[in-house]
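Notes follow once the structure below has been shown.
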Amino acid sequence: MNASQTDFEYLILGAGPAGLQLGYYFERAGRDYQIIEAGDAPGQFFNTYPRHRTLISINKVYTGTQDPELRLRHDWNSLLTDDHSLLFKEFSKEYFPPAAALLDYLSEFASRFRLNVRYATRVTSVERIDANGQTGFRLRDTQGNVLTCRRLIVASGVSKPYLPDIPGIELSENYQDVSVDPLDFVDQRVLIIGKGNSAFETADNLIPTAAVLHLVSPYPIDFAWKTHFVGDLRAVNNNILDTYQLKSQNAILDAETLGIRKRSDGTFDVMFKYQHAEGEIEELHYDRVLCCTGFRFDQSIFAESAKPELTIYDKFPNLTCEWESTNQPGMFFVGTLMQMRDYKKTTSGFIHGFRYNVQAFSRLLAEKFHQSPWPSSDHAFDSEELASKLLSRVNGSSALWQQQSFLGDVIVVQADRTVRYFEGMPVAYLQKHVVDNDQRCFVLTLEFGSSVGDEDPFKVNRIRRDNVAKAASSTFLHPAIREYEFGAKVSEHHIIEDLEAVWKEPEHIQPLVRYLEQRIHSTDNRVAWE
2 MNASQTDFEY LILGAGPAGL QLGYYFERAG RDYQIIEAGD APGQFFNTYP RHRTLISINK
62 VYTGTQDPEL RLRHDWNSLL TDDHSLLFKE FSKEYFPPAA ALLDYLSEFA SRFRLNVRYA
122 TRVTSVERID ANGQTGFRLR DTQGNVLTCR RLIVASGVSK PYLPDIPGIE LSENYQDVSV
182 DPLDFVDQRV LIIGKGNSAF ETADNLIPTA AVLHLVSPYP IDFAWKTHFV GDLRAVNNNI
242 LDTYQLKSQN AILDAETLGI RKRSDGTFDV MFKYQHAEGE IEELHYDRVL CCTGFRFDQS
302 IFAESAKPEL TIYDKFPNLT CEWESTNQPG MFFVGTLMQM RDYKKTTSGF IHGFRYNVQA
362 FSRLLAEKFH QSPWPSSDHA FDSEELASKL LSRVNGSSAL WQQQSFLGDV IVVQADRTVR
422 YFEGMPVAYL QKHVVDNDQR CFVLTLEFGS SVGDEDPFKV NRIRRDNVAK AASSTFLHPA
482 IREYEFGAKV SEHHIIEDLE AVWKEPEHIQ PLVRYLEQRI HSTDNRVAWE
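Residue numbers for the sequence shown, in the working numbering: 2 to 531.
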């Protein structure tokens, strides 16, 4: 790249994991791009967060397999490369690794793949350009430099603390700057507002020293092991639950916080309305009030002409199925901001999920703007061949595994009695561009079954492995294939769950072959070549 260049086809705002991942694909494809980073190295968010410096993204080095794709199912920190030539395990062997290791990894990634990153460039404004036949965006930095682009890709993450609308919330100490030294809380009564991982991470640190710990939010705890959403409360952070249930001074409150009032002695009175005590209102007294309620997207640098529409309590930009702003054409979002499309449903908010979204996004852009079709392979419309292909994907793909129900493979039936197989498409995207275009197709996903009410996930009555007739009732992650024609679903097949998620037995293969054979020769729908 020319060092003096100021106009680009693509500008990527942020050199975190998502910005670097997209930069890798852009560099490989020879795109005209530059990554802009405020800090002097990649991943500056992780210089501060998590505050207690241990990641909850797992790093399972010893998996019992040497298959690099399968290993990625249990490596939540590595970015994608064509040859798996740089993996996070080279930087840490810890199951829950230190944040510093991720910073080292990201720096090496940017350097080894010679990504075009412009460091120490803090953007102060983003404006839309729409004049004299030119469209795009103009960015200005603190030094007065101006950069322009036709397409802006925001990879800045969620960097602004989210403060709930509670009278007196400004009196609380925020997660971003509260002390992490437990000795600063000796014998104190501490209220933590929030019940996410940042709140429980903070509480876990204070159990030995604080006299009393209360965690509060209006809603019960969502456990990751129950919801299958890795952003919900993780077991590694929930030690305080024992101290609550075993009557050791601490408590978890399901209550609305009505207000915080500071006393003359510097302590606090906090008013609550309980959710499960007949609406009881009670005032409790604390020495410290901590706010650990997460983060939101910061749109302060965007001028009115370029301000993206927000959604979900104004935490995230509102996005189309192509991760484009709903009101700012040409402005796209990658990384944790992608989770707006599957909020609290799958893993788009985390590296091990959005790395596959970014891969799909790079293919989407290549097809949309660079006349480069989405990669595909052609196959005979044959039940044995298609079953083999489908099973190889569910047994080997990390993308479908991590992004269950969100990314899928699609088999498009051609007029010449062949099929074209596309891997790793966002389901909403393929719905718009394939299903809604009346093409006959089959869509493969991995998905969890629906649990019944508040059933204990550790006491589920599972289906016998040979009871394939009930495969659709599988509770755990399992493959599902759905057939569409003329925009409507016409058939569906589930492969029964397997304890080790290996679908290679007769009970997996034979029903799939029979299903495909029946659908290939079906006469209850009009196929494309007839």
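We put the CB at the ideal spot given by N, CA and C, even for glycine.
What residues in its chain sit with their C-beta under 6 Å from that of Val453, if we drop five residues either side in the sequence?
Its pLDDT being 49, under 50, Val453 is placed unreliably in this model, and the coordinates cannot settle the point.
Beta bridge counterpart(s) of Asp142 as assigned by DSSP
Residue pairing of Asp142 in beta bridges, as defined by DSSP: Val124.
Is it buried or exposed for Asn328, if we count other Cβ within 10 angstroms and need 16 for buried?
Burial check for Asn328: the Cβ neighbour count within 10 Å stays below 16, so the residue is exposed.
Touching by the beta-carbon criterion (3+ pairs, under 8 Å), the region 205–217 and the region 237–244
Contact between the region 205–217 and the region 237–244 is present: three or more C-beta pairs spanning the two stretches fall below 8 Å.
Other residues of its chain near Tyr120: CB distance less than 6 Å, five sequence neighbours each side excluded
Same-chain partners within the cutoff: Glu38 and Asp41.
Note the first and the last residue of the continuous alpha helix (DSSP H) segment covering Tyr50.
No alpha helix (DSSP H) contains Tyr50, which DSSP labels as neither H nor E.
Cβ contact (3+ pairs, closer than 8 Å) linking the region 386–397 and the region 352–367
In short, these stretches do not touch, since the Cβ pair count stays below three.
Can you name the start and end residues of the beta strand (DSSP E) that Tyr275 belongs to?
Phe269 to Tyr275 is the extent of the beta strand (DSSP E) around Tyr275.
Could you tell me if Glu493 is buried or exposed, where buried requires 16 or more neighbouring beta carbons within 10 angstroms of its beta carbon?
With fewer than 16 other Cβ atoms within 10 Å, it is exposed.
For a test of the three-state rule: what should DSSP assign to Phe334, helix, strand or coil?
Strand at Phe334.
Let me know the secondary structure DSSP gives Lys390 once reduced to three states.
DSSP places Lys390 in helix when its eight states are reduced to three.
Counting beta carbon pairs with one atom in the region 165–185 and one in the region 254–263, are three or more of them shorter than 8 Å?
Yes: at least three Cβ pairs fall under 8 Å.
On the three-state DSSP scale, how would you describe Tyr11?
Strand.
Looking only at DSSP bridge pairs, what is Lys490 linked to?
Residue pairing for Lys490: DSSP places it in a beta bridge opposite Tyr485.
With 16 as the cutoff for other CB atoms within 10 Å, does Val191 come out buried or exposed?
So Val191 counts as buried.
Integer Cβ distance of Val271 from Tyr287, believed to fall under 8 Å:
In this structure Val271 is in contact with Tyr287, their Cβ atoms being roughly 6 Å apart against a cut-off of 8 Å.
With DSSP run on the structure shown, which of helix, strand or coil describes Val213?
Correct three-state label for Val213: strand.
Residues near Tyr26 by beta carbon distance below 6 Å, same chain, minus five either side:
Hits under 6 Å: Ser363.
Pick helix, strand or coil for Ala19, following the three-state DSSP scheme.
The answer is helix: DSSP assigns Ala19 an H, G or I state.
List the whole-angstrom C-beta distance separating Met341 from Ile302, where the pair is believed to meet the contact cut-off of C-beta under 8 Å.
Met341 to Ile302, Cβ: 19 Å. No contact.
Output the boundary residues of the alpha helix (DSSP H) element that contains Glu368.
Glu368 -> alpha helix (DSSP H) spans Ile352 to Phe370.
Hey, would you say Phe89 sits closer than 7 Å to Tyr63, going by beta carbons?
Taking 7 Å as the Cβ cut-off, Phe89 and Tyr63 do not qualify as a contacting pair.
May I have the straight-line CA-CA distance separating Pro318 from Glu508, to the nearest angstrom?
Glu508 has its alpha-carbon roughly 44 Å from the corresponding atom of Pro318.
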